[in-house]
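Asker: Residue numbers (my numbering): 5 to 273.
Note that the Cβ used here is the ideal one computed from N, Cα and C, for glycine as well.
Since this is a predicted model, take the numbers as computed values, not measurements.
Mind looking over this structure? Questions follow.
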């Protein structure tokens, strides 16, 4: 028995080591690929294989980053874009949960509204931005509404689909025990959909960021979207590419934060 336990323990340790080694190798490959990409970019720009004015180079982007950091404009633009994204994201999640709950509660309402939601979800959201500017003006409210419009319709449909696909036997059990519709929602529907809601949140954070950038293209005087559109108009390509890279980093960081939250909450559901 002791030998069996020892062997099992060694096998488990070896398995854990293999998993860790594989994760380290993947991380090493990722870092190596990034270094190769940056080195190739720098060398091709320096030796005029690509146009340094249009494509810049990592060294020029670094110089632009330091210059914008010193004058305070970079942090201000990042802060504005982050603020608008988080506000839009919060509105999308809260609004989607409320509306999806209303649809689940009232089946007639859901059947009436579902075709309109499908249509609005399929509509290219960039087409709404000019209309929103006319309706709401050129301000932060327009940008936040633009961010919400990109994500909210799909979010409502996905959350509602999760609600109606809860196992009927669980609902029947609550009703058999004398529970009402609200208790079915609180004890079964919402807890069963926590993983689904968290997955939708991970998608929505990226969509809200996209919506904010679209809004900043047209209705902003600050923010990373404004830096991109202004830089392209004035041929400051360093500002444009730097802003795009920062947006990629922001999207990744926000996604990883939500993924961390999902992993922690998955232990309880």
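Put residue 2 into one of helix, strand or coil per three-state DSSP.
Answerer: Nothing can be reported for residue 2, as the shown portion of the chain is limited to 5 through 273.
Asker: What is the DSSP secondary structure of residue 31, reduced to helix, strand or coil?
Answerer: The answer is helix: DSSP assigns residue 31 an H, G or I state.
Asker: Check whether the Cβ atoms of residue 121 and residue 157 sit closer than 8 Å, and answer yes or no.
Answerer: Yes, these two residues count as a Cβ contact at 8 Å.
Asker: Given a cut-off of 8 Å on the beta-carbon distance, is the pair residue 263 and residue 80 in contact?
Answerer: Going by C-beta atoms, residue 263 is not nearer than 8 Å to residue 80.
Asker: Please classify residue 243: is it buried, with 16 or more other beta-carbons within 10 angstroms of its beta-carbon, or exposed?
Answerer: Buried: at least 16 other Cβ atoms inside 10 Å.
Asker: Just to confirm my understanding: we take residue 99, look at its own chain, exclude 5 residues before and 5 after, and list those with CB closer than 7 Å. What are they?
Answerer: The residues are 156.
Asker: Use the C-beta contact count for residue 13: other C-beta atoms within 10 angstroms, 16 or more gives buried, fewer gives exposed.
Answerer: Label assigned to residue 13: exposed.
Asker: List the endpoints of the continuous alpha helix (DSSP H) containing residue 131.
Answerer: Neither: residue 131 is in no alpha helix (DSSP H) and is coded neither H nor E.
Asker: In the DSSP assignment, the alpha helix (DSSP H) including residue 221 goes from what residue to what residue?
Answerer: Segment 198 to 223, the alpha helix (DSSP H) holding residue 221.
Asker: Looking only at its chain, what residues have a beta carbon closer than 8 Å to the beta carbon of residue 8, apart from the 5 residues adjacent to it on each side?
Answerer: Bear in mind that a pLDDT of 46 at residue 8, under 50, signals an unreliable position, so the model cannot answer this.
Asker: For residue 109, which residues of its own chain have a beta-carbon under 8 Å away from its beta-carbon, when the five flanking residues on both sides are left out?
Answerer: Excluding residues within five positions, the ones whose Cβ falls inside 8 Å are 185 and 189.
Asker: Comparing C-alpha positions only, which one of 254, 247 and 237 sits nearest to residue 209?
Answerer: Of the listed residues, the one whose Cα sits closest to residue 209 is 254.
Asker: Hey, how far is the Cα of residue 5 from the Cα of residue 22?
Answerer: Residue placement at residue 5 is poorly supported in this model, since its pLDDT is 44, which falls under 50; the coordinates are not used for a value here.
Asker: Comparing C-alpha positions only, which one of 96, 240 and 173 sits nearest to residue 192?
Answerer: Cα-wise, what sits closest to residue 192 is 173.
Asker: Return the chain-ordered list of same chain residues with a C-beta closer than 6 Å to the C-beta of residue 64, the five sequence neighbours on each side being excluded.
Answerer: Hits under 6 Å: 242.
Asker: Going along the chain, which residues of its own chain have a beta-carbon closer than 7 Å to the beta-carbon of residue 205, five neighbours each way excluded?
Answerer: So the qualifying residues of the chain are 97 and 262.
Asker: Could you give the residue range of the alpha helix (DSSP H) that holds residue 270?
Answerer: Note, residue 270: alpha helix (DSSP H), 241 to 270.
Asker: Per DSSP, what kind of secondary structure is residue 6 in: helix, strand or coil?
Answerer: Here residue 6 scores only 46 on pLDDT, less than 50, and its place in the model is too uncertain to base an answer on.
Asker: If you scan the region 42 to 96 from start to end, which runs of the alpha helix (DSSP H) of 4 or more residues do you find wholly inside it?
Answerer: Entirely contained in the region 42 to 96, the alpha helix (DSSP H) runs reaching 4 residues are, in chain order, 56 to 59 and 62 to 74.
Asker: Rank 56, 146 and 45 by C-alpha distance to the C-alpha of residue 239 and give the top, closest one.
Answerer: Measuring from the Cα of residue 239, the nearest candidate turns out to be 56.
Asker: With DSSP collapsed to three states, give me the class of residue 315.
Answerer: It is not possible to answer for residue 315, since the shown part of the chain is limited to 5 through 273.
Asker: To the nearest whole angstrom, what separates the beta carbons of residue 85 and residue 229, a pair I think is in contact under 8 Å?
Answerer: The Cβ separation is near 7 Å, so the contact holds.
Asker: Only counting the same chain, and skipping five residues up and downstream in sequence, which positions put a Cβ closer than 8 Å to that of residue 73?
Answerer: Same-chain partners within the cutoff: 79.
Asker: Quick one: what does DSSP say residue 169 is sitting in, helix, strand or coil?
Answerer: Coil.
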